[in-house]
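In the working numbering, the protein residues as written are 31 to 274.
Note that beta-carbon positions come from the ideal geometry of N, C-alpha and C, so glycine has one too.
As the structure is a computational prediction, the values presented were derived from the model and not from experiment.
Contents: one structure, followed by commentary.
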Amino acid sequence: MSQTQLVSMWPVLALALLHLFAGRLVFLSGTPRSIWLSLAGGVSVAYIFLHLFPELGAGQALVEAAAGAFGWLEHHVYLMALTGLVVFYGLERLVTTQRRQAKAGPEAEANPGVFWLHIGSFAIYNALIGYLLYQREEEATRQLLLFALAMALHFVVNDFGLQQHHAQAYRRRGRWVLVAALVLGWATGLVVELPEAAIALLTAFIGGGVVLNVLKEELPKERESRYWAFLLGASAYAVLLLAL
31 MSQTQLVSMW PVLALALLHL FAGRLVFLSG TPRSIWLSLA GGVSVAYIFL
81 HLFPELGAGQ ALVEAAAGAF GWLEHHVYLM ALTGLVVFYG LERLVTTQRR
131 QAKAGPEAEA NPGVFWLHIG SFAIYNALIG YLLYQREEEA TRQLLLFALA
181 MALHFVVNDF GLQQHHAQAY RRRGRWVLVA ALVLGWATGL VVELPEAAIA
231 LLTAFIGGGV VLNVLKEELP KERESRYWAF LLGASAYAVL LLAL
């Protein structure tokens, strides 16, 4: 394994540990929503809008060149970002509706089929993030760390949302599946090199998913989210990204 490959391995291990131990950060639990979760959500969204989405402009040119028969689709990359948002919105609605119909309490577990569909989708999401982390080892270490930090804070937000939906099922099984998917995605990068156009599409899908997964945790009225903390996180990370 080369030196540059080792550089991307450490962020993956850090993200894996976050999945395993985020549930023990009890100070983040409860209502009103923890200011730290709102802060983390703001950082994640700022990264997507100010760093990841601007990359889509360059990615769009690559996709258009490789589109071939699908050249009539003028905005392939942006369609993938929209797809990521729509897919995860649909999953959230499915789980929320199932819990409402079952009149489930805060510690109730979702239907097993719904649970595995939800966790399986997030496993694919994690695998894609792991793969993109490997791909970014070719960039400056600073860019890799900015991506890893934004994803780390995003994972904390996701973990608390998944625990709220799936309770003990997530703590017993779900988090381990997500850790395995993250590591597997990174390891896949060692042996599979996708075309740059495909990487641009995957990046767009993740971008759309991150935006939805953050906002779905912040917007519900019952969460009593801290807007000022979300704004502070978004503003501070935006200033950092623009300054670098």
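For residue 249, no alpha helix (DSSP H) run applies, since DSSP gives it neither H nor E.
Around the beta-carbon of residue 73, 16 or more other beta-carbon atoms lie within 10 Å, marking it buried. Taking C-beta separations shorter than 8 angstroms and ignoring five residues to either side along the sequence, the partners of residue 272 in its chain run 80, following chain order. Residue 63 carries a coil assignment under DSSP once its states are collapsed to helix, strand and coil. Its chain contains 181, 212, 215, 236 as the residues whose beta carbon lies nearer than 7 angstroms to that of residue 159, once the 5 sequence neighbours on both sides are disregarded; these appear in chain order. For residue 122, the three-state secondary structure derived from DSSP is helix. Per the C-alpha coordinates, the member of 259, 197, 269 positioned closest to residue 67 is 259. Distance from the CA of residue 165 to the CA of residue 76, rounded to the nearest whole angstrom, comes to 21 angstroms.
Your pair residue 245 and residue 110 does not check out as a contact, with CB atoms roughly 18 angstroms apart and the cut at 8 angstroms.
The beta carbon of residue 234 sits closer than 6 angstroms to those of 86, 107, 110, 111, all from its chain and outside the five residues before and after it, given in chain order. When secondary structure is reduced to three states using DSSP, residue 85 falls in the helix class. Looking at the backbone, the Cα of residue 241 and that of residue 71 are separated by about 9 angstroms.
Collapsing the DSSP output to three states places residue 222 in coil.
Rounded to the nearest whole angstrom, the CA to CA distance from residue 208 to residue 243 is 15 angstroms. Within 10 angstroms of the beta-carbon of residue 254 lie fewer than 16 other beta-carbons, which makes it exposed. The beta carbon of residue 83 lies closer than 8 angstroms to those of 111, 237 in the same chain, with the five residues before and after it left out. Only buried fits residue 129, as 16 or more other CB atoms lie within 10 angstroms of its CB.
Contact annotation: residue 38 and residue 163 have beta-carbon atoms nearer than 8 angstroms. Closest in C-alpha terms to residue 195, from the list 154, 148, 78, 220, comes 148.
The beta carbon of residue 161 sits closer than 6 angstroms to those of 215, 218, 219, all from its chain and outside the five residues before and after it, given in chain order.
Spanning the alpha carbons of residue 142 and residue 274 requires a straight line of approximately 46 angstroms. The beta carbons of residue 45 and residue 186 sit about 10 angstroms from each other, so the pair does not count as a contact at 8 angstroms.
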